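Written below as structure tokens is the structure these notes are about.
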Amino acid sequence: MDESSSRRDFLRAVTAIGVAGLPAAAVSTDSTAPAPAPTPPVTRPAHHGLHGAVPREAEEAYLYFTAPEAAFVEAALSSLIPADELGPGAREAGVACFIDRELAGAYGAAARTYRQGPWPEGTPEQGFQSPLTPKEIYRVAIAETNALCRARHGQPFDGLDATRREEILRGLESGTIALESVSARLFFSLLWANCQEGFFADPIYGGNRDKAGWALVGFPGVAAAYTDDIGKHNVPYRVVPVSIGDIRHGRAAVDPRGHAIHARLDKRG
Amino acid sequence: MTAATLKPVDVVTVGVGVTGSILGKELADAGLKVVGLERGAMRDTHPDFDMPGIHDELKYARRYELMQDLSRETVTFRNAPAETALPMRQLGSFLPGEGLGGAGVHWNGHTWRFLPWDFQTRSQTVARYGKDALAADCTSQDWGVTYGELEPHYDRFERLFGVGGMAGNLRGEIRPGGNPFEGPRSRDYPNPPMKDSYATALFAQGAASLGYRPFPLPSSNMTRGYTNPYGLTMGPCVYCGYCERFGCEMGAKASPQTAVLPALLANPNYELRTRANVLRVNLDSQNKRAVSVTYVDARGREFEQPADLVLLTSYVFGNVRHMLLAGIGHPYDPVANQGVVGRNYAYQCTSGVTAFFEDKVFNPFMGAGALGSVVDEFNGDNFDHTGLGFVGGGFIACNSNGSRPIDSHPVPPGTPRWGGGWKKAVARYYGRSIGLYCHGAVQSYRTNYLDVDPTYRDAFGLPLLRMTFDFHDNERRMSAYVTARAEDIAKALGPRATSAAARSGRYSIVPYQSTHNTGGAVMGADPATSAVNPYLQSWDVPNVFVVGASAFPQNAGYNPTGTVGALTYRVADAIKSRYLAHPGPLTG
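Protein sequence lines correspond, in order, to chains G and D. Numbering of the first sequence is given in my numbering, commencing with residue 15 and proceeding in unit increments. Numbering of the second sequence is given in my numbering, commencing with residue 123 and proceeding in unit increments.
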């Protein structure tokens, strides 16, 4: 189904069930703005997904990270969520690409963060008070951690073996490693939060490649209408996960209201 | 900059969320010319919440697409008056909305009535336990309105929002399956309760086995197609699990967009102006009357909008800040314990228990914002507090409101924090765990208050609001007690392990707790201890009404929206039936 026909179907469905909509004419200010263009297709579709192989172009091109930064992040991701018999880890799932894109955009620039000084560090209860943006935190913290790794072990972080990498990560996490420009614990908490986000966010953001994070836990992604399933108690609902891109590109079926029609994996259940 | 003066209107609402839209509707229908000024953008079910884009956990639940943009305005925070308040630079503990509909767009839909006791916290506590039962610095007080006086307005709001539930007390008759502790209701809920998930059904069984009386959480997620008294039809919820922090693609969650605005915007007496950020309420030379509000539009132009009635209908922080910046009422001074504006800021004292199973699968991604099973045995004064060292309490619930994996992947105690062991536990228990939730009250205290920050300013150069707040021993003891009762229930379900976390230590603005900020412009019968009278009218500037949870003298152990809606209808009635005929202070 193409985008426009799915939208028409959706509008028909919405009208049919009588969902309340606002009469635009009564809105005086915003109504002068042009209607937003339809969302363009995503540029990096998930590849070799369960809904069929699609090309993977340009996805390895980092927007923000330098080569040493990318190597650091990829190595850290291998320790944080490793590949194992359960499936791909964060590195294999493209989480470095996810973090890179986040840092290159509004999130990395702290666009929705209050950024006026003064900037005392405050108490833990007062929360984030660094004058650095997330992308600046990654830049300085990676450089300073690599300098520490070279001083201790003669190699940057990504050159260390797995045991030493984990030791360094634990040092950042606990604060037993001190960085000059930013709290090591703040950097670790940011890296770990972004790692989990990239592992479990919709693949349109560049991570969760092949929906590896969703497959790991059994999360179906874009929801179906569960009206008839919510009451099936202690019955596993195992399905092929569906991403936003799957629907936008017609790789997954939707019902008249736009909810996913999930393909069951009952044989695995 | 000189502001262009606009044509006078009868009423202006500062904010168009739940309270602003209802008051706009009621007063425009009464023939008044009403202008609604909304600081944020226009947004509606279509196209803003369309499938499949709305099912995006990162965008809405983690990057807070529908919430306040802190780069323009935030609050500053400290735990105690001796500390220096610093800005809340990132969202965390609470998530105020921004844009048309306010937080009424991204809420879950829990729609409670407070207990009759809640409205008389001080007098009832003193009567039952003596005057020493409340701490010396506790400033909790009676509301100046009783449950009985609010009941018709609760009923009206439940009709508006199509609430689904099971009546526990119908005109005094206790009904099986409902909340036996609730105040008498004149009518049943307009809609039946939600379907049970496995988690909520299991919780209800376990709670009943301990002798408690579980009941379905009152829900503003439609349990069937419903047409409300404004003639607006909301479709049925499909249990998709993307509710709190999201807009509803089905228009199945009651909100200003689905329950009020389409009818309101069709009324020619009403005009909505979005991206209209009110800078100040302008008073006359005696500070006895509001004459206009000044706002900035999307192009940075200032306008002065004269109005006979100014209704502050923003979130708690906006309401209190506008009063402080305009000089409406006397600012609270915690040292002298005098003044009223900013006094009695309170919050919610939440805690939780997670239960992990080997033999049960919950499909936790299914659910609805207000799908839950609840016990109320440990709320309010529903239990004997003698010897417990605290007043108040909270409900214990198990909700299936959609567990999405970035934010929700519980692991049993002892699991490594990351690495291969963490990954295995997440894979194992994402679908095999449930959460029990304690929703505790917070009393008011002399040192918990709102005032104007001396240092930090918003994008328009105006001072930020400063929050001084901490939990007190009463709340910590309450949380320990109620959380232990929740863990008893969790253990009755036969889990492999449980993990309980009562609220302890200092309040932190970092982890999400609830968007249930209350007080600062509290209501009451005594102008010495309240900023607004029992009709939410400013004691000092009677053509200003301050509407919202800002009026709660302390916070109860329930979600606030039902009571906010009831108070809003009471204000609408008071304005229409009394104020318009005799503009001035409403008494009696």
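Every residue gets a Cβ at the ideal spot worked out from N, C-alpha and C, and that includes glycine. All figures in this text were calculated on a predicted structure; none of them were measured in a lab.
Between M488 of chain D and D243 of chain G, the C-beta gap is smaller than 8 Å, which places the two residues in contact.
The DSSP-derived three-state label of C163 of chain G is helix. One finds R211, Q212 in chain D with Cβ atoms closer than 7 Å to the Cβ of F142 of chain G, taken in chain order. Judged by DSSP secondary structure, N523 of chain D falls outside any alpha helix (DSSP H) and instead within the beta strand (DSSP E) spanning 516-523.
Between N677 of chain D and Q470 of chain D, the C-beta spacing is below 8 Å. Under the three-state reduction of DSSP output, S143 of chain D falls in the helix class. Annotated as proximal: L149 of chain D and I697 of chain D, with beta-carbon spacing under 8 Å.
The stretch 511-521 of chain D and the stretch 542-554 of chain D do not touch, with fewer than 3 CB-CB distances between them shorter than 8 Å. In the structure shown, A468 of chain D adopts extended strand secondary structure according to DSSP, grouped into three states. As summarised for the stretch 176-254 of chain G, the continuous alpha helix (DSSP H) elements at least 4 residues long and confined to that stretch are 176-188, 198-214, 226-231, given in chain order. Note on geometry: alpha-carbon atoms of V463 of chain D and A155 of chain G lie some 44 Å from one another. Taking a Cβ-Cβ threshold of 9 Å, the residues of chain D close to D98 of chain G are G542, K545, K546, in chain order. The stretch 395-481 of chain D is shown to contain whole beta strand (DSSP E) runs of 3 or more residues at 399-405, 412-418, 424-434, 471-478, in chain order. Within the same chain, T135, G158, T435 come within 6 Å of G142 of chain D by CB-CB distance, once the 5 residues on both sides are set aside. Interface flag for F233 of chain G against chain D is set, since a Cβ pair is found closer than 8 Å. With at least 16 other beta carbons inside 10 angstroms of its own, V669 of chain D counts as buried. For the pair H168 of chain D and C163 of chain G, the Cα-to-Cα distance works out to about 52 Å.
Cβ-Cβ distances below 8 Å link R618 of chain D to F478, F479, E480, P534 in the same chain, with the five nearest sequence neighbours on each side left out; the list follows chain order. Chain-order list of chain D residues neighbouring E106 of chain G: empty, with the shortest C-beta distance near 12 Å, by a criterion of under 9 Å. In the assembly as shown, T685 of chain D is a buried residue. Its beta-carbon has 16 or more other beta-carbons within 10 Å. For R421 of chain D, the number of other beta carbons within 10 angstroms of its own is below 16, and it is reported as exposed. Judged by beta-carbon spacing, G221 of chain G lies within the 8 Å limit of V109 of chain G, meaning their Cβ atoms are closer than that value. The three-state secondary structure of N343 of chain D, taken from DSSP, is strand. In the structure shown, F337 of chain D adopts extended strand secondary structure according to DSSP, grouped into three states.
Taking CB atoms only, V236 of chain G has a neighbour in chain D less than 8 Å away.
G562 of chain D sits close to G679 of chain D, with the two beta carbons spaced by under 8 Å. Per DSSP, reduced to three states, the secondary structure at E366 of chain D is coil, with no helix or strand assignment.
Boundaries cannot be given for D506 of chain D, as no beta strand (DSSP E) includes it and DSSP labels it neither H nor E. The contact set of T637 of chain D on chain G, defined by CB atoms closer than 7 Å, is empty, because the minimum CB distance reaches about 16 Å. According to the DSSP assignment, T380 of chain D belongs to no beta strand (DSSP E) but to the alpha helix (DSSP H) extending over 378-381. The beta carbon of P203 of chain D sits no closer than 8 Å to any beta carbon of chain G. A237 of chain G and H531 of chain D do not touch by the CB rule: their CB atoms are close to 18 Å apart, not below 8 Å. About 5 Å separates the CB atoms of S414 of chain D and E426 of chain D; that is less than 8 Å, so the two are in contact. Using a Cβ distance threshold of 8 Å, F439 of chain D and P218 of chain D count as a contacting pair. Put simply, the stretch 91-108 of chain G does not touch the stretch 142-159 of chain G. Fewer than three CB pairs are less than 8 Å apart. Secondary structure at S672 of chain D: helix, using DSSP grouped into helix, strand and coil.
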